[in-house]
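The sequence shown lines up with residues 26 to 166 when you count with this note's numbering.
Glycine included, C-beta positions come from ideal geometry on N, C-alpha and C.
The structure appears right after this line, and notes come after that.
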Amino acid sequence: MSLILHSRAFPLLSTRTFDRGFERLVNNLVDNAPVAPRINVSETDAAYQVEADLPGVAKEDVKISVDGKRVSIEAETKRETEKPEGSKALLTERVVQKFARSIVLPQEVNSEAAVAKLENGVLTLTLPKKAEDQPKQIAIQ
């Protein structure tokens with residue numbers, strides 16, 4: 026059995042160059058995609074509680090919507106970078122971050138009585154459960 030020696034037919038196209046190019050391609054695609062924030066969901070007899078990590082987000086930049094059993098959270102950080110005069114940025118990664126998460130709860134919630142708080146980068150939603158329709162008798166006329 027003979028061994029085939031690896032020769033570099035294209036020395037400029039090294040693995041490292043390929044890796045960097047691929048990394049740039051993937052990062053450009055992913056940079057604009059929203060990040061799904063980490064959440065905890067708990068339940069009591071009367072309500073659901075959802076906690077979502079939204080670091081660096083102001084309450085004005087959070088949008089919460091409820092549609093039946095579905096709860097959606099969207100947020101965006103907006104960081105304006107001020108550079109001292111005469112300086113130039115060498116690396117800028119902290120400009121805009123988008124968050125988006127949607128969950129389906131086991132039961133519909135009363136969106137009119139829902140409460141949202143944002144403290145220390147943690148969004149807490151208290152979502153009271155909607156009262157289920159009780160069976161009722163219908164009188165014959």
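Residue i - partner residues in DSSP beta bridges
i: Asp92; result: Arg95
i: Lys103; result: Val121
i: Val82; result: Val82 pairs with nothing; no bridge assigned.
Endpoints, the beta strand (DSSP E) within which residue i is located
i: Glu144; result: Val140 to Glu144
i: Val66; result: Ile64 to Glu68
i: Glu76; result: Ala72 to Asp78
i: Thr151; result: Val147 to Pro153
i: Ser127; result: Val121 to Val129
Inter-residue CB distance, residue i and residue j (contact presumed, cutoff 8 angstroms)
i: Ile98; j: Arg126; result: 5 angstroms
i: Lys94; j: Gln132; result: 7 angstroms
Close-in-space but distant-in-sequence residues of the same chain around residue i (CB under 8 angstroms, 5 per side omitted)
i: Gly81; result: Thr102, Arg104, Gln122 and Gly146
Same chain, Cβ closer than 6 angstroms to residue i, neighbours up to 5 away in sequence not counted
i: Tyr73; result: Leu130 and Leu152
i: Pro96; result: The amino acid at residue 96 is misidentified as Pro; the sequence shows Val. Answer for Val96: Ile128, listed in chain order.
Contacting residues, own chain, Cβ-Cβ under 7 angstroms from residue i (five flanking each side not counted)
i: Lys142; result: Thr149
i: Ala138; result: Pro153
Across the stretch 110-121 and the stretch 58-75, are there enough close Cβ pairs to call them in contact, namely three or more that are closer than 8 angstroms? no
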